[in-house]
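Undergrad:
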Amino acid sequence: MKLIFRGDDGVGRLRRFSKRATRTRARRVTAVLVAVIAIVYVLAALAYARTVSLQEIPQVQAPPYGISVSIVESKISPEAPLTEAIVAMQPNQELIDSQGRMVKALRLSISPTLDGQSIEYAAGTVPASKKITIPLHGRVQDYPFDEYHSDITVAAYLYSEQVDQGQGRRVPVIAALSFRDAGWQLSATVKQTDSYFVTIGQTIGRAGSTIAISLLLLGLMMAVAVLAAWVAESVVSRAMEPSVAVASWMAALLFSLIPIRNFLPGAPPVGSWIDILVFFWVEVGVMTAMVAVVIVTLVDVRRKNDAEIEVEDRGGAVADTAVVGVGATAATGARGGAGSAAGTGPQPESDDEAIPPDDPGAG
692 MKLIFRGDDG VGRLRRFSKR ATRTRARRVT AVLVAVIAIV YVLAALAYAR
742 TVSLQEIPQV QAPPYGISVS IVESKISPEA PLTEAIVAMQ PNQELIDSQG
792 RMVKALRLSI SPTLDGQSIE YAAGTVPASK KITIPLHGRV QDYPFDEYHS
842 DITVAAYLYS EQVDQGQGRR VPVIAALSFR DAGWQLSATV KQTDSYFVTI
892 GQTIGRAGST IAISLLLLGL MMAVAVLAAW VAESVVSRAM EPSVAVASWM
942 AALLFSLIPI RNFLPGAPPV GSWIDILVFF WVEVGVMTAM VAVVIVTLVD
992 VRRKNDAEIE VEDRGGAVAD TAVVGVGATA ATGARGGAGS AAGTGPQPES
1042 DDEAIPPDDP GAG
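The sequence shown begins at 692 in our numbering and counts up one residue at a time.
(1) Are there 16 or more other CB atoms within 10 angstroms of the CB of residue 757, so buried, or fewer, so exposed?
(2) To the nearest whole angstrom, what separates the beta carbons of residue 778 and residue 786, a pair I think is in contact under 8 Å?
(3) Three-state secondary structure (DSSP) at residue 793?
(4) Go through its chain and collect everything with a Cβ distance to residue 831's Cβ below 8 Å, but skip five positions before and after it.
(5) Within 10 Å of its beta-carbon, does residue 764 have 16 or more other beta-carbons around it, so buried, or fewer, so exposed?
(6) Cα-Cα, which of 928, 972, 797 is closest to residue 850?
(7) Taking the Cβ atom as the reference point for each residue, do residue 965 and residue 834 lie within a distance shorter than 7 Å?
(8) Can you give me the start and stop residues for the beta strand (DSSP E) that residue 846 sits inside?
(9) Relative to the C-alpha of residue 892, which candidate in 843, 712, 1006 has its C-alpha closest?
(10) Comparing alpha-carbon positions, which option in 894, 805, 909 lies nearest residue 967?
(11) How about residue 980 and residue 919: are their beta carbons less than 7 Å apart?
(12) Is there a Cβ from chain D that is less than 7 Å from the Cβ of residue 913?
(13) To test your reading of the DSSP string, which unbroken alpha helix (DSSP H) runs of 4 or more residues are found completely within the segment 859–910?
(14) Per DSSP, what kind of secondary structure is residue 929 in: helix, strand or coil?
(15) Under a Cβ-count criterion, where at least 16 other Cβ atoms within 10 Å of its own Cβ denotes burial, should residue 921 be classed as buried or exposed?
(16) Within the continuous beta strand (DSSP E) that includes residue 831, where are the two ends?
(17) CA-CA distance, residue 728 and residue 734?
(18) What number of angstroms, rounded off, separates the C-alpha of residue 970 from the C-alpha of residue 945?
(19) Is DSSP giving residue 768 helix, strand or coil here?
(20) Please state whether DSSP places residue 782 in a helix, a strand or coil.
(21) Going by C-alpha to C-alpha distance, which of 789, 911, 781 sits closest to residue 812?
(22) With DSSP as the reference, label residue 726 as helix, strand or coil.
(23) So for residue 759, helix, strand or coil by DSSP?
(24) At which residues does the alpha helix (DSSP H) containing residue 1057 begin and terminate?
(25) For residue 904, which residues of its own chain have a beta-carbon under 7 Å away from its beta-carbon, when the five flanking residues on both sides are left out?
(26) Nearest-angstrom Cα distance between residue 1059 and residue 952?
(27) Identify, in the order they occur along the chain, each residue of the same chain with its Cβ nearer than 8 Å to the Cβ of residue 935, setting aside the five sequence neighbours on each side.
(28) How long is the line joining the alpha carbons of residue 897 and residue 877, rounded to whole angstroms?
(29) May I ask you to report which of helix, strand or coil DSSP gives residue 945?
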């Protein structure tokens, strides 16, 4: 037994199958995008939580007849590059009196700093926190994978303001380094140390949450450029009707990408690698697509206007021809009526049918 389908039924089945396959692909693409965004969201949240937990200030105990130094970096300026820090010095009980004042004057040397000055604590004063600025080495153009490095050396000296004028006995020192700027993470190691000085090497980089969000936004920018190119190709190939609305959408998209780029967490200055590799090309792609859509729309409008003018011209010519035809028909009818009125009777249709006159000689 054979099943025979009509041609229309076969075409209809094929179209329904094609639509079903298209919907299936669309669902799969949507599911993949949702899964990717969800994974990035979870990873960014976990990385941010880990960064916040690492920003706790470590507690250090001063050694006997020595001091402990806590350096808390609170703000980084990648463009400079430098970081601002707060220095808290805690002397051991042998160096302070019962009211917490310094028994002897102390000079705390932290290098490198932007001003190159040591921190001095005069005798009889309570040690207070001080602000310093530490220079870094790094390139902000490498965003979001930029890193900044520096080595910090800490030493302390006891001196007599009246006699030594800056030279004194070295005291034991312990130092700790921490970082409290959101969106960044610190990796620190002790490079060199003894009882009287400490050298800490630090590397400051973007937090994992910052990197994940930045890469997600850059990827969406590239997806927007691909979408704009796809729309432009559909308009040029006439798969989509050319319209000013499409060009307006692309123009709005073109200007909306700029604040999105500046909205990146810790956005670098213009001219970074993300601009050379991604942003500028996204802008170029959207602009090219917009120009193509505008040109096709203008050409389509011009053709429609020319077609309307041609139709109007043809309609006028047809009307003129109809008027001329009616006039000629009326003139022909008038001439025919005049000829009929001039005759005495019905006219013969041809000479062969004419009736000859009677012959008088006949008979």
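A virtual CB, placed ideally from N, CA and C, is assigned to each residue, including glycine.
TA: So, to answer that:
(1) buried
(2) About 17 Å separates the Cβ atoms of residue 778 and residue 786, ruling out a contact at the 8 Å cut-off.
(3) strand
(4) 769, 770, 772, 837, 959, 960, 963
(5) buried
(6) 797
(7) yes
(8) That run of the beta strand (DSSP E) goes 838–850.
(9) 843
(10) Ranking 894, 805, 909 by Cα distance to residue 967 puts 909 first.
(11) In this structure, the beta-carbon distance from residue 980 to residue 919 falls below 7 Å.
(12) The chain inventory of the structure shown lacks chain D, comprising one protein chain alone.
(13) none
(14) coil
(15) With fewer than 16 neighbouring CB atoms inside 10 Å of its own CB, residue 921 falls in the exposed class.
(16) Note, residue 831: premise wrong, no beta strand (DSSP E); not H, not E.
(17) 10 Å
(18) Distance between the alpha carbons of residue 970 and residue 945 is about 11 Å.
(19) strand
(20) strand
(21) 781
(22) helix
(23) Here residue 759 sits in strand by DSSP.
(24) Given a span of 692 to 1054 for the chain in the structure shown, any question on residue 1057 remains unanswerable.
(25) The answer, listed in chain order, is 735, 956.
(26) Outside the shown range of the chain, which is 692 to 1054, sits residue 1059, and nothing can be said about it.
(27) 988
(28) 9 Å
(29) helix
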